[in-house]
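The next block holds one structure in the form of structure tokens; read it before the comments.
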Amino acid sequence: MKRIRSRIGYTDCHPRAGRGFTLLELLVVMVIIGLLAGYVGPRYFTQLGKAEVKAARAQADALGKALDQMRLDTGHYPSMEDGLEALVTRPANEPRWDGPYLSKSVPRDPWGNPYVFRSPGEHGEYDLISFGKDGKPGGDGEAADITNW
């Protein structure tokens, strides 16, 4: 191979010098990236779904503790008419209310749906339900209901 002297020094004079990648090389790299995305993507979204379920359980637990604190102060859980908003704003005719029992407004579940509150509940003094990702009763996996019982 010939060497050519330039201002900086010697350089190789090769026919492909400075030309870039071939189409075949680019296709191979794209296939490898596609295979990695196909393998990693579903695992990532599965973990994301599990995190949303855990967040909904944690929120339901926090709402349950706030409801219990309100019951200690007032002697009862909020009515269905007052709902979970009674944790933030004083219900009418509630002299022993010592809230707010939540530092912010009542959260929605991780999928953007409101929690369902029933008082009295079918499974206890109150029922607190998130219908999961699909927003409908029942379901499996991420669509399963998250409850306080």
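Numbering (the working numbering), first residue to last: -9 to 139. Beta carbons are placed, not taken as given, at the ideal position from N, Cα and C, and that holds for glycine.
Query                                                                                                                                                                                       : Result
Note down, one range per segment and in chain order, each beta strand (DSSP E) of at least 3 residues found wholly within the region 55 to 123.                                             : 106 to 108, 117 to 120
Applying the 10 Å Cβ sphere with the 16-neighbour rule, what's the burial state of Pro68?                                                                                                   : buried
Classify Lys126: buried if its beta carbon has 16 or more other beta carbons within 10 angstroms, exposed otherwise.                                                                        : exposed
Would you mind working out which of Tyr105, Trp87, Phe11 sits nearest Ala52, comparing C-alpha positions?                                                                                   : Tyr105
Identify, in the order they occur along the chain, each residue of the same chain with its Cβ nearer than 6 Å to the Cβ of Asn138, setting aside the five sequence neighbours on each side. : Ala50, Gly54, Leu118
Can the beta-carbon of Pro81 be found less than 7 Å from the beta-carbon of Asp72?                                                                                                          : yes
Have a look at Leu57 and Phe35 and give me their C-alpha separation to the nearest angstrom.                                                                                                : 33 Å
Hey, out of Phe121, Met60, Val21, whose CA is closest to Leu92's CA?                                                                                                                        : Met60
With a cut-off of 8 Å on the beta carbons, I'd call Met70 and Ser109 a contact; round off their distance for me.                                                                            : 5 Å
Just mark Tyr11 as buried or exposed, buried being the case when its beta carbon has 16 or more other beta carbons within 10 Å.                                                             : The sequence given here places Phe at residue 11; Tyr does not occur at that position. With fewer than 16 Cβ atoms within 10 Å of its Cβ, Phe11 is classed as exposed.
Got a sec: is the Cβ-Cβ distance from Phe35 to anything in chain D below 7 Å?                                                                                                               : Included in the structure is just one protein chain, with no chain D present.
Rank His66, Ala46, Gly31 by C-alpha distance to the C-alpha of Gly111 and give the top, closest one.                                                                                        : His66
Could you tell me if Pro100 is buried or exposed, where buried requires 16 or more neighbouring beta carbons within 10 angstroms of its beta carbon?                                        : buried
Of the choices Phe107, His113, Arg98, whose alpha-carbon is the least far from that of Tyr43?                                                                                               : The sequence as given places Val at residue 43; Tyr does not occur at that position. It is Arg98.
Look at the Cβ atom of Gly122, then the Cβ atom of Asp135, and state whether they are nearer than 7 Å.                                                                                      : yes
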